[in-house]
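Below is one structure, written out as structure tokens, with a few remarks after it.
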Amino acid sequence: MSEFPEFQNLLNRTPEERDQEFQRHGRLKHLIFGSQLTTELLDRLCRSADMIRRLARDREGNAELRNLLPNRRAMLYFTQPSTRTFLSFMAACQILGITCNEVRDPKMSSEVKRESRTDSVRMFSSYFDVIIMRSQMANLAEVCAYMMNDLEGTDRRSVPIINAGAGSDEHPTQALLDMYTILRTFDFDESSMSRPSRLGSLQKEYPDLTTGAANKVYAFCGDIKRGRTVRSLATVLSQYRNVTMYFITPPHDQLRIDDDLRSLLETAGVTVKEFESLDEVDDGQPILEKIDCLYMTRIQREHNSDATEAEIASIDLSPFKLSVERVAKMKSFAPILHPFPRDSIVGEIPTEIDSDPRAMYFRQARNGMWARAALLVHLFDVNEALMDAHVRLFPAAVRSASSPSRR
Amino acid sequence: MSEFPEFQNLLNRTPEERDQEFQRHGRLKHLIFGSQLTTELLDRLCRSADMIRRLARDREGNAELRNLLPNRRAMLYFTQPSTRTFLSFMAACQILGITCNEVRDPKMSSEVKRESRTDSVRMFSSYFDVIIMRSQMANLAEVCAYMMNDLEGTDRRSVPIINAGAGSDEHPTQALLDMYTILRTFDFDESSMSRPSRLGSLQKEYPDLTTGAANKVYAFCGDIKRGRTVRSLATVLSQYRNVTMYFITPPHDQLRIDDDLRSLLETAGVTVKEFESLDEVDDGQPILEKIDCLYMTRIQREHNSDATEAEIASIDLSPFKLSVERVAKMKSFAPILHPFPRDSIVGEIPTEIDSDPRAMYFRQARNGMWARAALLVHLFDVNEALMDAHVRLFPAAVRSASSPSRR
Amino acid sequence: MSEFPEFQNLLNRTPEERDQEFQRHGRLKHLIFGSQLTTELLDRLCRSADMIRRLARDREGNAELRNLLPNRRAMLYFTQPSTRTFLSFMAACQILGITCNEVRDPKMSSEVKRESRTDSVRMFSSYFDVIIMRSQMANLAEVCAYMMNDLEGTDRRSVPIINAGAGSDEHPTQALLDMYTILRTFDFDESSMSRPSRLGSLQKEYPDLTTGAANKVYAFCGDIKRGRTVRSLATVLSQYRNVTMYFITPPHDQLRIDDDLRSLLETAGVTVKEFESLDEVDDGQPILEKIDCLYMTRIQREHNSDATEAEIASIDLSPFKLSVERVAKMKSFAPILHPFPRDSIVGEIPTEIDSDPRAMYFRQARNGMWARAALLVHLFDVNEALMDAHVRLFPAAVRSASSPSRR
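Residue numbers (this note's numbering), protein chains in the order written: chain A, 1 to 407; chain B, 408 to 814; chain C, 815 to 1221.
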């Protein structure tokens, strides 16, 4: 943490104190931590994402969307590569009329001339209206948000900072899109007026089924410890009532859930269970039959030391891979998620699964675009203009879309 | 071909069967092969390109063009570098209001995380509305088009694929822009109402001259075997009546036309002749005096093995280079084309030729922009909106532009 | 200079003769040299920059600006890296509705296929409407401008060239933005109707103070010889009456002002004085108290030979660094400028200075965007449309903004 000595006092505070700095009057100024995603904010962002998705279906709706933020220019500062997050943010900006700019190669930047990172980011804030950043440095986005707050406090130019992945443990917009996918799936089309309700028919088979993220069993399979998306998503899900989480990992310390996250979840009231195969049994019933939502992950070999590499290479990964047979045992509605990319050599999700209706991972990727666009609408405070456009084009849909039916 | 085992059955079919999959009701769904460019389709695309070119001349026409596809986002996936093709597609998209995104550096993409190429392309299709791709892998564009067809068949999101150069033998949009340049040149301004006809005066000197691509002598000079543009263009030209082709190449197996292409052309009715110098004679007349269109190429040294490099280095290339004297012998209307870049060290076209009215290579490059824009208009099915805009701004030009005078 | 033998005659002429080729009827065709920035042109560009800045403040003004050049596409050809200049030009283009394209990696371009640089640039001119270029080759931008003039002379397509940094001594748009910052600062809000005049109150403390760039003491501190921005700016400033310049440099031949620039400035009537510390005295008074404008620079280590590196490393740089104490001695209005990036290790401007009202370097960076947008407005000849938009939105501001009060 000594990289930013002038911000050390701010960085030493509790998570709650730090979260507090990034919002104002219940609205985000910056998105730095997953913990900023309260259930209330998630509901609002998901409603916006729904409206954006619906408007984007036709030419006229697209024109309305592009008219929301045509006067804004974004900087995507991605010194840690990530094609998917990068392109998804690009598309989200373009949908809203925001012009995109990028700096990706750190060698291209002025850092070779010994410019400080904070000078670089302040330079970006001179030319652009939002900075979306992904970095190996754990605290960079947070520190930049403090710098922006300082500038704002002295009436100088300040812009929102979005953390698009920092260091090893924070990736709040991934948690946002995962939650959007979960909430959309567990809405069971209740908010749609144009289609018949699915919930009624599902309840014949699963009598206890409810809409929303509460009262569910979530399973996370694969590389739990090093997958920052799992950490962010599990933390956000822990806010909901009556949640059980299964962590299904190979027996290796670099992959299993760490004690820190486990106790955080249990303190929040989550029932946490660990397994070493997708075929295990819980309370006399195969876990595959009990899971309401299955989150698959890739073993992140790029983080391995040579020793760990050898150890993990010797593990049989077949208990952590999906197959047609395993998917057949799952509940008929249970979404299969994956933050992608998937490993085409290990094959934790073989391509045969792709055509199964439970395979939500491609839709999840596309949801990233809608969820990130919703975040930008929120940060630039154009929700009302979005709602106006939506009412104009879909007058009938309004009652349902604005009803708080998600939890 | 074993790179895509799951698509092997599809790849094993005849060219005609494969072409068939990429169109529907006489309209292209994807452009993968040069053989999809029928004379009828070329006529339609060239008429669109003419309209786009005319509209792009002024501010009002440009505004009409940008209003054709403002709701579309393109992905330019160029893992094989090509500045010219890339920039020309960028400009074509921008003319039509399409927003561009790019992935060029394969190291930047998720392939380092062992994502399959098809997963990458499906991810692009989640965020973007057309994928323009150039790759070292011969079948990648074709396979991606099959994948899109599969998705469409099961009511999932599917987008058009454009092959912007694949492996060593296909570059259909280069053939398209070459044909646009040839058809524009051999139109002799017949379709223009604003200028006097050139054909009449040219016929005093060349009594047999006709408009259109038929009844012509085409010469290809330089690196025939390894220039995929020559292969694509010659194949497309073989559809026209009464065509003669001269292939003027150094005496080396890596440069001469291969038997495969030769027999394909002859089967289509083309008269094929080979020469080893631009100064040779055919039927008692210098070939330079008989050529109606001269297509120059660069010796592609980057494909050479060390042995071939040494052999080719020992060849005298002067018989394959233009000079002011040689150009002076050519017909007054005969266009000189070159797919560019030209080799500034070999100098197959010295810069002194650039100001000759027959030097069409810079205009040819600019035509790439109009022809590619016309292709995008076709794929997104906005021809009618283009024609409407053209009628609005150029009411007098309509009769000629829509008359089928090109062949 | 033998890199462009065909242009050698043109390159051998006097600076005045060469400048003459890049303008027509008092308007720039290309911006290649700082010497093209006459005081009259600077006044016009600064007035435009003011209007653009004011319009960019709100959504409606932004829409007017984006409507000035939506039919134009720019190529940013930056083979010499420069994040700041690059992004500033991108933002300037985007403000005016210009679509941006870029070529930055020379390995990506056709040069690997032995295409000449002039062919590359002519290719860009086929697809794009202005070429903004930065290169290690001192004469490339100049030569490209000659090529464009040739094309124009023979009725072929020609586009404006902007030199965004060439070789070691020209960076005219940096001089433009520096001058815009200086003229804005020394306007003392006289042209603003909405705020009370600052000049009157300042004159109580500094009785000789006048508006404009004339009658001032400019100090340049740090790396004078190798900083092309200093050379360009000092030359432009030498056009104004009664100017004194202090050059404060470490005692090393690679850093001190060279005789060439010194005699050029003295011939133009500038009083030139050299110092070896910010704490020196001139005419019995500390120079810090006499400076009206302080231009700090970074020691450009990347240009050092190993020997020079060792010599410079042994120099004590503390006399050339700002501190709170030194700034406290400066005049209350005197702007501190820096072309950026600043060196975070040497610390020629410590971050404690950033909140001082005299610290203008971040505003200077942002001014680069307005000044470059003004240049584009000038080159594309849409000043009148800009003035019309400004009158529509700010009817009251017109009289002051159009009054020639800057000198």
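For each residue, glycine too, the CB sits at the ideal point set by N, CA and C.
Model, not experiment: these values are computed from the prediction.
Classify residue i as buried or exposed, calling it buried when 16 or more other Cβ atoms lie within 10 Å of its own Cβ.
i          : result
C/Glu-984  : buried
A/Gly-269  : exposed
B/Thr-561  : exposed
C/Ala-1215 : Caution is warranted here: a pLDDT of 49 is assigned to C/Ala-1215, below 50, making its placement in the model unreliable, and no coordinate value can be reported.
C/Ile-898  : It should be pointed out that residue 898 of chain C corresponds to Arg in this sequence rather than to Ile. By the neighbour-count rule (16 or more Cβ atoms within 10 Å), C/Arg-898 is buried.
A/His-378  : buried
A/Gln-8    : exposed
A/Gln-20   : exposed
Measure the C-alpha to C-alpha separation of residue i and residue j and round it to an integer number of angstroms.
i          : j          : result
B/Leu-606  : B/Leu-449  : 22 Å
B/Ser-601  : B/Arg-635  : Confidence at B/Ser-601 is low in this model, with a pLDDT of 48, below 50, so its placement is unreliable and the value that follows should be read with caution. Answer to the nearest angstrom: the Cα atoms are 37 Å apart.
C/Lys-1039 : C/Thr-1063 : 9 Å
C/Glu-1166 : C/Leu-1136 : 10 Å
B/Ile-439  : B/Cys-700  : 26 Å
C/Arg-861  : C/Met-937  : 34 Å
A/Leu-202  : A/Tyr-218  : 18 Å
B/Pro-748  : A/Leu-68   : 42 Å
A/Ser-158  : A/Ser-125  : 7 Å
C/Arg-918  : C/Ser-896  : 10 Å
C/Thr-987  : B/Glu-709  : 39 Å
A/Ser-263  : B/Val-528  : 40 Å
B/His-437  : C/Gly-1161 : 57 Å
Within its chain, find whatever has a CB closer than 7 Å to the CB of residue i; leave out the 5 residues flanking it on each side and keep chain order.
i          : result
C/Ala-906  : Met-1183, Arg-1186, Ala-1187, Leu-1190
C/Leu-1102 : Leu-1092, Arg-1140, Lys-1143, Met-1144
B/Asp-665  : Lys-632
A/Glu-266  : Val-272
Which residue from the options puts its Cα closest to that of residue i?
i         : options                                     : result
A/Leu-76  : A/Tyr-361, A/Ile-162, A/Ile-315, A/Phe-340  : A/Ile-162
B/Val-798 : B/Ile-539, B/Leu-462, B/Ile-439             : B/Leu-462
A/Ala-175 : A/Gly-165, A/Leu-233, A/Thr-38, A/Val-382   : A/Leu-233
A/Asn-71  : C/Pro-884, C/Gly-875, C/Phe-892, C/Asp-1037 : C/Gly-875
B/Met-586 : B/Thr-642, B/Ile-756, B/Arg-460, B/Leu-476  : B/Thr-642
A/Lys-216 : A/Gly-222, A/Thr-99, A/Asp-253, A/Tyr-246   : A/Tyr-246
A/Ala-138 : A/Ile-291, A/Glu-3, A/Ile-182               : A/Glu-3
C/Leu-824 : C/Asp-933, C/Met-1201, C/Val-957            : C/Val-957
B/Lys-611 : B/Val-688, B/Ser-739, B/Ser-762             : B/Ser-739
B/Asp-615 : B/Gly-433, B/Asn-649, B/Gln-430, B/Glu-718  : B/Asn-649
A/Ser-35  : A/Arg-24, A/Ser-238, A/Ser-116              : A/Ser-238
B/Asp-557 : B/Tyr-534, B/Leu-584, B/Thr-525             : B/Thr-525
B/Ile-502 : B/Pro-764, B/Val-688, B/Ala-481             : B/Ala-481
For residue i, which residues in the same chain have their Cβ closer than 6 Å to its Cβ, ignoring the five residues on either side in sequence?
i          : result
C/Arg-827  : none
C/Leu-1207 : Gly-875
B/Glu-509  : Leu-483
For residue i, I'd like the list of residues in its chain whose CB is within less than 8 Å of its CB, leaving aside the five on either flank, ordered along the chain.
i         : result
C/Gln-894 : Arg-948, Ser-949, Gln-950, Gly-979
A/Arg-114 : none
A/Pro-251 : Glu-276, Ile-315
A/Asp-381 : Arg-27
A/Glu-6   : none
Quick check: is any heavy atom of the ligand NAP less than 7 Å from the C-beta of residue i?
i          : result
C/Gly-1014 : Summarising the ligand content, the structure contains no ligands, and the ligand NAP is consequently not present.
Next item on the list: Give the residues from the stretch 497 to 510 of chain B that approach chain A closer than 8 Å (Cβ to any Cβ), ordered along the chain.
Entry: Cβ contacts with chain A come from Thr-506, Asn-508, Val-510.
Item checked: Contact list for the stretch 957 to 969 of chain C against chain B, Cβ threshold 7 Å -> Taking 7 Å as the Cβ-Cβ cut-off against chain B, the residues of the stretch 957 to 969 of chain C that qualify are Thr-968.
Item checked: Members of the stretch 530 to 541 of chain B near chain A, C-beta cut-off 8 Å -> Answer in chain order: Met-530, Phe-531, Ser-533, Tyr-534, Phe-535.
Next item on the list: Could you list the residues in the stretch 760 to 781 of chain B with a C-beta less than 7 Å from some C-beta on chain C, going in chain order?
Entry: For chain C, the residues of the stretch 760 to 781 of chain B that bring a beta carbon within less than 7 Å of one of its beta carbons are Ser-762, Phe-769, Ala-772, Arg-773, Met-776, in chain order.
Check: At a Cβ cut of 7 Å, what residues of the stretch 263 to 297 of chain A count as close to chain B, listed as they run along the chain?
Finding: Contact residues of the stretch 263 to 297 of chain A toward chain B are absent (C-beta to C-beta distance below 7 Å).
Checklist line | Short-range partners of chain A found in the stretch 448 to 479 of chain B, where Cβ spacing is below 8 Å | finding: Cβ contacts with chain A come from Pro-477, Asn-478.
Note to self: Using a Cβ-Cβ cutoff of 9 Å, what residues of the stretch 216 to 250 of chain A are near chain B? List them in chain order.
What the structure shows: Residues passing the 9 Å Cβ filter: none.
Checklist line | Cβ-based contacts, 8 Å cut-off: residues of the stretch 387 to 398 of chain A near chain C | finding: Residues: none.
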